[in-house]
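J.: Before I ask anything, here is the structure I am working with.
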Amino acid sequence: MAYSDKVIDHYENPRNVGNFGTTADVKTRKDIGVGVVGAPECGDVMQLQIKVDPATGRIEDARFKTFGCGSAIASSSLATEWLKGKTIDEGLAIKNTDIVQELSLPPVKIHCSVLAEDAIRAAIGDYKAKNGIPASAPEHADAH
Amino acid sequence: MTLRLPVYMDHAATTPCDPRVVEAMLPYFTEKFGNAGSRNHKFGWEAEDAIDTAREQVASLLGCNEKEVVFTSGATESNNLAIKGAAEMYEKRPAGETGRGHIITCAIEHKAVLDPVKRLVKEGFDATFLQPPTDGVITAEMVRAALREDTILVTLMWANNEIGTINEVPQIARLCKDRGVIFHTDATQWVGKMPTDVEKDGIDLLSFSGHKIYGPKGVGALYVRRRNPRVRLVAQVDGGGQERGFRSGTHNITGIVGLGKAAEICRLEMDAEGARLSKMRKRMETALTHAIDVSQINGHAEKRLPHIANISFGFVEGEGLMMAVKNIACSSGSACTSASLEPSYVLKGLGVGDELAHSSLRLSMGRWTTDEQVDYAIAEITKAVHKLREMSPLYDMHKEGIDLSTVEWAHH
C-alpha cells in the first residue's frame, strides 16, 4: 500500500518520541497525563504522555511511543504536535477524522487515527483524574 | 559492485523467470503458436511436441511417468482439481446427502487447500483440520490419530509457505497407502527446491506451480498416480477433453514450455542451489537472532526449506518494520499487511501468540540472491529493529521488567 508523503515524513522523522520518565515515575507525577491504548496481540499499542503547566492549564509538552504500523506511528506523532500549546479542553476537541484528513489515511488505516484519539482522551483523562478535575461529558470517537 | 536496490527477498511469494526459461518460451508466442489440438498440420504438431517435451521434463523432476502429469493454470487449480476431484470420485454417498466422506488436512495449509476443503464440508463431507505443534511440523502420528473408517482423502502440504517447515510427507503417504486412503500434497514450495520422487514416496496426487521455480506465472501441474492405485478424479473444468479429460482448455503452450524448462533447470541445479541457499539462510538467521535480543525463528529449526527464514522480533510491528526496511522486499505475518487486518493464521496456528505473528518477517532467498544482499538485509533489519524499539512502549516496559502478559490492555 502506498502511503501519503505526510505519513512517510512522520514515520521517518517522528516528532516528540519519548516519555517523561519510567512507567512508575509518571504514575506519581500530577503534571503528567498518561494514556496507553491498544494491545500487543492487536498489533498496535500507543503510549501518549502530556505535560501540563498547572498555572495556565496548557499542554506544554507531549511525547509518544508507539508499537504499530507506519500509520499508527504517524498518527501518534501528529497528535503530539497538535497537542502542544493547547489547553486540555482544546486537546479533547481533536477528532480522529482530523487526523485522517491531515495524513490522508486510507480506509483500512482509520483505526490508527481512532487509536490516536483514544490515546489523547486517555492521557487527558489521566491528568484530570490525578488533579481532581471532573471528566467532561463522555464522548466517543464515531469510527468505533 | 554497487548493490542494486530494492533487494528481492520474497522468493516464497514468486520468483523471477530464469532467462533460459524465457528464451525457451519465446518461439511459442510467435512462430510456433499452434494449438496442440490441431492434429492435421505442422503448427499443431510443433505444439504437441513441445508439450510432450515439457511433460517429460516435469516427469523427470517428480520421478513419475509423463502420462501422470496434468498441466493446469497453477497450484491453486491443481489443488482444487485434486481435492474436489478426488472427494467427488471417492465419495461414500452422493451429492445432496451428508456423511459423504472424511478428509484430513491441517489448519496452516495454504488457502488454496483450506477453501476447497471448506467448500466440500458445506457440500456434505466431513473434515479434520489438524492443529500443528509449535514447531509447525505435521507428523504421521498426528495423521494416524485422525484417520477414520470413512476417511477418503488426506491433503497436507509438503512444506509450509510462510514458515518453510517440512511435514513428514513420505511417512504420511505410506500410512495412507496402508489404509487405502488417497494422499494429496500441495508441494508448491517444495518442488524444484528439494528432491522429489513420487514413486518412491508413494504419493498419489501432487500440486505445484511454475512461478515458484523460476518459471512463468499462470501455469502449474498436478501429478496424478496411474498405477498402484490408479487415481481417478472428477474433472472440474469441462470442455474439449485436453489433458486426458482431467483439465479441458487449449494448452497454455508458452507457459507449459516454460514450466518444463524451469523444471529441467531445477532438477540439474537443485543440489548446488539448495546447499548455497541453506548456508545463506542460516547465516542470516544466526546474525539476526544474535544481533537482536528477544527475537526468534518461527517453525522447526532443522526441518525446513533451505531458502525461507521466518523470524519474529519482539516489540516491533511487522508492517512498521517493513516500512523501515523499504529497500528489502519481503513479507510479514502482521495484520496490517493483510487485506483482512488479521495476523497470519499460520503463525497464530502454531499457538505462539498473536503478538509474534504481528512482529514477524519472512525473508526468502533465491537463485540470484548474493552474499552482499544478505549482508545488506542483516544490517538494515538490525538497524530498523533498534530504531523502532526506541519508539516502542512495549520495549520500554520490557526493559523496566514489566511482564507484558500481565498488563491489562485497553482492548480496541
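One line per chain: the protein sequences are F and L, in this order.
Under my numbering, residues 316 to 459 are what the first sequence spells out, in order.
Under my numbering, residues 74 to 485 are what the second sequence spells out, in order.
Just so you know, even glycine gets a beta-carbon here, dropped at the ideal spot from N, CA and C.
(1) Give a yes or no on whether the minimum CB-CB distance between residue 306 of chain L and chain F is below 9 Å.
(2) For residue 380 of chain L, which residues in the same chain have their Cβ closer than 7 Å to its Cβ, ignoring the five residues on either side in sequence?
(3) Along chain L, in chain order, which residues have C-beta atoms closer than 7 Å to that of residue 385 of chain F?
(4) Kindly indicate which residue of L:165, L:272, L:101 has the alpha-carbon position closest to the one of residue 116 of chain L.
(5) Anything in chain F within Cβ reach of residue 389 of chain L, meaning under 9 Å, just list it in chain order.
(6) Measuring alpha carbon to alpha carbon, tell me which residue in L:178, L:257, L:397, L:172 is nearest residue 275 of chain L.
(7) Of the residues L:76, L:79, L:87, which one's Cα is nearest the Cα of residue 286 of chain L?
(8) Where are the beta strand (DSSP E) runs, 3 residues long or more, that stay fully inside the region 162 to 219 of chain L, in chain order?
(9) Name, in chain order, the residues that DSSP records as bridge partners for residue 402 of chain L.
(10) Buried or exposed: which applies to residue 478 of chain L, given that a residue is buried once 16 or more other Cβ atoms fall within 10 Å of its Cβ?
(11) Within this structure, are the beta carbons of residue 109 of chain L and residue 284 of chain L separated by less than 9 Å?
(12) Comparing alpha-carbon positions, which option in F:420, F:404, F:357 lies nearest residue 432 of chain L?
(13) Select from L:444, L:281, L:327, L:472 the residue whose C-alpha is nearest the C-alpha of residue 122 of chain L.
(14) Cβ atoms of residue 321 of chain L and residue 155 of chain L: under 9 Å apart, would you say?
(15) Do residue 124 of chain L and residue 106 of chain L come within 9 Å of each other at the CB atom, strictly closer than that value?
(16) Would you check if the distance between the CB atom of residue 234 of chain L and the CB atom of residue 189 of chain L is smaller than 9 Å?
(17) Compute the Euclidean distance between the alpha carbons of residue 476 of chain L and residue 373 of chain L, then round it to the nearest angstrom.
(18) When the Cα of residue 418 of chain L is compared with those of L:464, L:82, L:209, L:200, which residue comes out closest?
(19) Is the distance from the Cβ of residue 329 of chain F to the Cβ of residue 464 of chain L below 9 Å?
(20) Please report the residue range of the alpha helix (DSSP H) in which residue 343 of chain F lies.
(21) If the criterion is Cβ atoms closer than 9 Å, does the pair residue 403 of chain F and residue 439 of chain F meet it?
(22) Can you find a C-beta in chain L that's less than 9 Å from the C-beta of residue 458 of chain F?
(23) Are the C-beta atoms of residue 362 of chain F and some chain L residue less than 9 Å apart?
(24) On a CA-only basis, which of F:443, F:450, F:449 is nearest residue 346 of chain F? Give me that one, please.
(25) My output table needs one value for residue 456 of chain F: the three-state DSSP class, helix, strand or coil.
(26) Does any residue of chain L have a CB that is nearer than 9 Å to the CB of residue 334 of chain F?
(27) Identify which residue in L:341, L:272, L:261 has its Cα closest to the Cα of residue 243 of chain L.
(28) If distances are taken between C-alpha atoms only, which option among F:436, F:351, F:376 comes closest to residue 480 of chain L?
(29) In the structure shown, what three-state DSSP assignment does residue 369 of chain L receive?
(30) Could you check what DSSP says for residue 393 of chain L in three-state terms: helix, strand or coil?
(31) Please name the residue in L:423, L:357, L:339 whose C-alpha comes closest to that of residue 91 of chain L.
(32) Classify residue 257 of chain L as helix, strand or coil using the three-state DSSP reduction.
(33) Measure the alpha-carbon distance for residue 391 of chain F versus residue 295 of chain L and round it to whole angstroms.
(34) If we ignore side chains and look at the alpha-carbon of each, how far apart do residue 364 of chain L and residue 331 of chain L end up?
(35) Nearest to residue 474 of chain L by alpha carbon, out of F:332, F:366, F:401, F:339?
(36) Please list, in chain order, all residues of the same chain as residue 367 of chain F whose beta carbon is under 6 Å from its beta carbon, the five residues on each side excluded.
T.: With the structure as the only source:
(1) Indexing the second sequence from 1 puts residue 306 of chain L at position 233. No, its Cβ sits nowhere closer than 9 Å to a Cβ of chain F.
(2) Translated into the one-based positions of the second sequence, residue 380 of chain L becomes position 307. Excluding sequence neighbours, residue 380 of chain L sits near 84, 266, 350, 354, 437, 438, 439.
(3) For this step, residue 385 of chain F is matched to residue 70 along the first sequence. Within chain L, the residues near residue 385 of chain F are 392, 393, 396.
(4) On the second sequence, position 43 is the one that residue 116 of chain L refers to. Checked all of L:165, L:272, L:101; the closest Cα to residue 116 of chain L is L:101.
(5) For this step, residue 389 of chain L is matched to residue 316 along the second sequence. The answer, in chain order, is 382.
(6) Locating residue 275 of chain L in the second sequence gives position 202, counting from the first residue. Of the candidates L:178, L:257, L:397, L:172, the one whose C-alpha sits nearest the C-alpha of residue 275 of chain L is L:257.
(7) Taking the second sequence and counting its residues from 1, one reaches residue 286 of chain L at position 213. That would be L:87, whose Cα lies nearest to the Cα of residue 286 of chain L.
(8) 175 to 179, 199 to 203
(9) Taking the second sequence and counting its residues from 1, one reaches residue 402 of chain L at position 329. Looking at the DSSP assignment, residue 402 of chain L forms a beta bridge with L:81.
(10) The residue you call residue 478 of chain L lines up with position 405 of the second sequence. Residue 478 of chain L sits exposed, since fewer than 16 C-beta atoms from the chains shown fall within 10 Å of its C-beta.
(11) In the second sequence, counting from the first residue as 1, residue 109 of chain L sits at position 36. In the second sequence, counting from the first residue as 1, residue 284 of chain L sits at position 211. Not closer than 9 Å, so no.
(12) Position 359 of the second sequence, counted from the start, is the residue given in the question as residue 432 of chain L. Of the candidates F:420, F:404, F:357, the one whose C-alpha sits nearest the C-alpha of residue 432 of chain L is F:357.
(13) Residue mapping note: residue 122 of chain L aligns to position 49 of the second sequence, counting from 1. Residue 122 of chain L has its Cα closest to that of L:327, out of L:444, L:281, L:327, L:472.
(14) For this step, residue 155 of chain L is matched to residue 82 along the second sequence. For this step, residue 321 of chain L is matched to residue 248 along the second sequence. Not in contact: residue 155 of chain L and residue 321 of chain L (Cβ atoms no closer than 9 Å).
(15) Within the second sequence, residue 106 of chain L is the residue found at index 33, counting from 1. Within the second sequence, residue 124 of chain L is the residue found at index 51, counting from 1. No, the pair does not count as a contact, with Cβ atoms beyond the cut-off.
(16) As a working note, residue 234 of chain L is residue 161 in the second sequence. As a working note, residue 189 of chain L is residue 116 in the second sequence. Contact: no.
(17) As a first step, residue 476 of chain L is located in the second sequence; it is residue number 403 there, counting from the start. As a first step, residue 373 of chain L is located in the second sequence; it is residue number 300 there, counting from the start. Distance between the alpha carbons of residue 476 of chain L and residue 373 of chain L is about 26 Å.
(18) Counting from one through the second sequence, the residue named residue 418 of chain L turns up at place 345. The residue with the shortest Cα to Cα distance from residue 418 of chain L is L:209.
(19) On the first sequence, position 14 is the one that residue 329 of chain F refers to. On the second sequence, position 391 is the one that residue 464 of chain L refers to. In this structure, residue 464 of chain L lies closer than 9 Å to residue 329 of chain F by Cβ.
(20) Along the first sequence, one-based indexing puts residue 343 of chain F at 28. 338 to 343 is the span of the alpha helix (DSSP H), which, as asked, contains residue 343 of chain F.
(21) Indexing the first sequence from 1 puts residue 403 of chain F at position 88. Indexing the first sequence from 1 puts residue 439 of chain F at position 124. Taking 9 Å as the Cβ cut-off, residue 403 of chain F and residue 439 of chain F qualify as a contacting pair.
(22) In the first sequence, counting from the first residue as 1, residue 458 of chain F sits at position 143. For residue 458 of chain F, the predicted structure reports a pLDDT of 44, less than 50, and the residue's modelled location is therefore unreliable. A value from the coordinates is still provided. Residue 458 of chain F does not count as touching chain L.
(23) Translated into positions along the first sequence, residue 362 of chain F becomes position 47. Yes, residue 362 of chain F counts as interfacial toward chain L.
(24) Taking the first sequence and counting its residues from 1, the one referred to as residue 346 of chain F is at position 31. Nearest C-alpha to residue 346 of chain F: F:443.
(25) Against the first sequence, residue 456 of chain F aligns to sequence position 141. Summary for residue 456 of chain F: the model assigns pLDDT 46, below 50, so the residue's position carries little reliability; its value from the coordinates is reported in the next sentence. The DSSP-derived three-state label of residue 456 of chain F is coil.
(26) For the purposes of this step, residue 334 of chain F is taken as the residue at position 19 of the first sequence. So yes, residue 334 of chain F belongs to the interface.
(27) Here residue 243 of chain L refers to the residue found at position 170 of the second sequence. The option with the nearest alpha carbon to residue 243 of chain L is L:272.
(28) Counting from 1 along the second sequence, the entry for residue 480 of chain L is found at position 407. When each option's Cα is compared against that of residue 480 of chain L, the closest is F:351.
(29) For this step, residue 369 of chain L is matched to residue 296 along the second sequence. Note: residue 369 of chain L maps to strand in three-state DSSP.
(30) For this step, residue 393 of chain L is matched to residue 320 along the second sequence. Three-state result, residue 393 of chain L: helix.
(31) Within the second sequence, numbered from 1, the residue matching residue 91 of chain L stands at position 18. Ranking L:423, L:357, L:339 by Cα distance to residue 91 of chain L puts L:339 first.
(32) Within the second sequence, residue 257 of chain L is the residue found at index 184, counting from 1. Three-state DSSP puts residue 257 of chain L in a strand.
(33) The residue labelled residue 391 of chain F in the question sits at position 76 within the first sequence. The residue labelled residue 295 of chain L in the question sits at position 222 within the second sequence. Rounded to whole angstroms, residue 391 of chain F to residue 295 of chain L spans 50 Å at the Cα level.
(34) Numbered from its first residue, the second sequence carries residue 364 of chain L at position 291. Numbered from its first residue, the second sequence carries residue 331 of chain L at position 258. The alpha-carbon atoms of residue 364 of chain L and residue 331 of chain L are separated by roughly 41 Å.
(35) Reading the second sequence from its first residue, position 401 is the one you call residue 474 of chain L. Ranking the options by Cα distance to residue 474 of chain L, first place goes to F:339.
(36) The residue you call residue 367 of chain F lines up with position 52 of the first sequence. Excluding sequence neighbours, residue 367 of chain F sits near 346, 374, 442.
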